[in-house]
């Protein structure tokens, strides 16, 4: 068959051969091209040699240093050219690695990509829906980059054992008139101190009972919506007001119609007490429809307070934090409004460069049945092999309502790769 | 005619109210440039050039590890009001500054904007990795060593970049900034003569440092760093590396071990006891000690201590 094809092709090739009278002109053209090609080859050889020379100089910085022993001031020095706006924007920086020709210049605009793995093991008798003995809880993949001079975008996708979810996917407009910061997309809400935190950023392996009972559990109040926040300048403290509106489709709020939106307000006040201690206070309110009955609403009111201590000279080795959060829930449901209260107290102390100890005390009534109260207490120990991984042990004692007390040991392994690993924790 | 006078009065009031913001804005034009620098070194260099035409605030204190600074909301306020942000760059502030700048709601100082000055772009950078890099190498800075301000030549280059930036922002004060820079340059030159003379007997001396903070300093003054207390940048000392280091210090006759003020002295002190090398706490930044108030004083202080330690020999601390 190949032979046949070749035979069929041959006459075509012959037919395409140039007529005899054009041959001389073609010959001249070929000669000219050959000359150009050889000139080009020489030029490239020279360039290559000079590049190799510079590379050699770069590879032995000491030698290079003696060569340029006294560089004059202001002379542009052999530093890596960083495109304006790349460093610090969360964007890539430095010399883009050259993988292959033209593609390298487009790669520099790729978003920062990071993956964080969250592996949890549990032992002992659990309470309620107990965790499995070993579970790969989730892999969180993040893509973050600057969109244009006016906005940046952050995507966080979670891959759990059975589902893929969007943890957050939002655009942030940094340059809105009136000093506002505008966010749009799927967001974790600004309710309280820890609802906005992703699961790997929590100081525990689980969320407090209060979060579970009143503020939507693991999913929290995360929803599609808009967030507008503004600093309130004043000479005494850092004050930030945030207003958010959501579609009304979260674990707590369920709107059946377009108008059934969830509204949320948050006020944060922060003040440095000294160089090493500070106080962070917050107040939150959320209001929206629930699915208990048509026209029924839920209102959440929260207060949070955080005290931090970190001496600057010993910042690598010592740190303490005390945090408490209180939430009051009022849920309209058939049979009247249910009023429930929940709170936790969290204590953390870093006693070595890689070691943090902690404790948490939980109490919470249930949103739909305030007569039932759940209680819990945990002791935690976290070890950081590096900034990009951590191993955490949590002893957890839980008593759900009047059920038997549960004693559990949870072990968590977190590990991060990629561009954002450094401050993902 | 009272009516017409009234008519004339109201527009005048309106006019003055309308004009008020622009008058205030004109006043602001002649007010000091609000500068935030990520470290006290950059703040000091900016003050040298800017004099009383700038108001400079630093975020990281000189006795603090500049890699690990808490992104406190109080810094957001400072950044919100800033006209100019001067950063070290080379990913030194990667863990804390981007988050603060994003929340500052200040378009003037966003990366790439006119009020954003990356000092590393005008400096001479060392330790730029050549081969492939991974985090197995520890806390590597893929674009080079960010502790470059410890070479007076780089201090001069940074000051020059600041001068160019300030002059562009306040063209009317260009001559003032140029004169300030010239004066700083003169004092720095005098300093360099002084420091070179004092360091001359110590040229080629072998030392060990805790972190890789001193690359530009030792290169400028001809010292030889044979190893680090950290087995890899940013990784705390390990027993096996420490044992190996003790052997090396004995073999090579290292007399001085430099430690930045924010690191734990336990391991360095143990190494000092074992080997007789002197442990010297040397601040790599302005403000690292109370008496180090400016850039020239940083070198005066450090070189006096270093020369004393190197010449004093084996008295272990």
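Protein chains in written order, with my numbering: chain V, 1 to 425; chain L, 1001 to 1317.
Backbone N, C-alpha and C define an ideal beta-carbon position, used for all residues, glycine too.
These figures come from a predicted structure and were not determined experimentally.
- Restricting attention to beta strand (DSSP E) runs no shorter than 3 residues, the segment 159-223 of chain V encloses them at 164-176 and 180-187, ordered along the chain.
- Here residue 156/V is bridged, per DSSP, to 142/V and 168/V.
- If you draw a straight line from the Cα of residue 165/V to the Cα of residue 159/V, it is about 6 Å long.
- With respect to chain L, the C-beta atom of residue 280/V has a partner C-beta closer than 9 Å.
- With respect to chain L, the C-beta atom of residue 275/V has a partner C-beta closer than 9 Å.
- A Cβ-Cβ separation of about 6 Å places residue 1100/L in contact with residue 1076/L under the 8 Å criterion.
- Shown here, residue 1251/L sits in a helix according to DSSP, grouped into three states.
- Following the DSSP letters along the chain, one finds residue 1196/L inside the alpha helix (DSSP H) bounded by residues 1174-1199.
- Distance from the CA of residue 361/V to the CA of residue 229/V, rounded to the nearest whole angstrom, comes to 31 Å.
- Assignment of residue 1204/L by DSSP, reduced to helix, strand and coil, places it in the coil class.
- Of the residues assessed, residue 47/V falls on the exposed side of the cut-off, its CB having fewer than 16 other CB atoms within 10 angstroms.
- Counting along the chain, residue 1103/L sits inside the alpha helix (DSSP H) bounded by residues 1097-1103.
- The Cβ neighbour count for residue 30/V, taken over all protein chains shown within 10 Å, is under 16; the residue is labelled exposed.
- Counting the other CB atoms within 10 Å of its CB gives residue 1291/L a total below 16, which places it among the exposed residues.
- Non-local beta-carbon contacts of residue 1140/L in its own chain, meaning distances under 7 Å to residues more than five positions away in sequence, involve 1129, 1133 and 1233 in chain order.
- Under the DSSP definition of a beta bridge, residue 121/V partners with 134/V and 411/V.
- Residue 1149/L is positioned such that its CB atom lies closer than 9 Å to that of residue 1041/L.
- For residue 1120/L, same chain residues with a beta-carbon under 6 Å away, outside a window of 5 residues either side, are 1089 and 1090 in chain order.
- Residue 327/V counts as buried, since at least 16 other C-beta atoms from the protein chains shown sit within 10 angstroms of its C-beta.
- For residue 417/V, the closest Cβ of chain L is nearer than 9 Å.
- Scanning its chain for C-beta atoms nearer than 6 Å, with the 5 sequence neighbours on each side dropped, one finds around residue 406/V the residues 125, 126, 127 and 398, in chain order.
- One thing to note: residue 304/V has its Cβ no nearer than 9 Å to the Cβ of residue 1080/L.
- Interface residue (Cβ-Cβ distance to chain V less than 9 Å): residue 1177/L is not classified as such.
- When DSSP reads this structure, residue 1139/L sits in no beta bridge, so it has no partner.
- Per DSSP, residue 1260/L lies in no alpha helix (DSSP H) segment and is marked neither H nor E.
- For residue 264/V, the closest alpha carbon among the candidates 323/V, 244/V and 281/V is that of 244/V.
- In this structure residue 394/V is in contact with residue 410/V, their Cβ atoms being roughly 4 Å apart against a cut-off of 8 Å.
- The Cβ atoms of residue 132/V and residue 376/V lie no closer than 9 Å to each other.
- Interface criterion not met: the Cβ of residue 40/V is under 9 Å from no Cβ in chain L.
- Distance from the CA of residue 1136/L to the CA of residue 143/V, rounded to the nearest whole angstrom, comes to 23 Å.
- DSSP places residue 301/V outside any alpha helix (DSSP H); the residue lies instead in the beta strand (DSSP E), whose first and last residues are 297-309.
- Per DSSP, the beta bridge partners of residue 277/V are 309/V.
- If you compare the alpha carbons of 138/V, 156/V and 355/V with that of residue 113/V, the shortest gap goes to 156/V.
- Under the Cβ distance rule, residue 120/V does not count among the residues neighbouring chain L, no pair being separated by less than 9 Å.
- Segment contact: the segment 277-292 of chain V against the segment 250-263 of chain V, three or more CB-CB distances shorter than 8 Å; contact assigned.
- A distance below 6 Å between beta-carbons, with the five flanking residues on each side excluded, links residue 1263/L to the following residues of its chain, in chain order: 1210.
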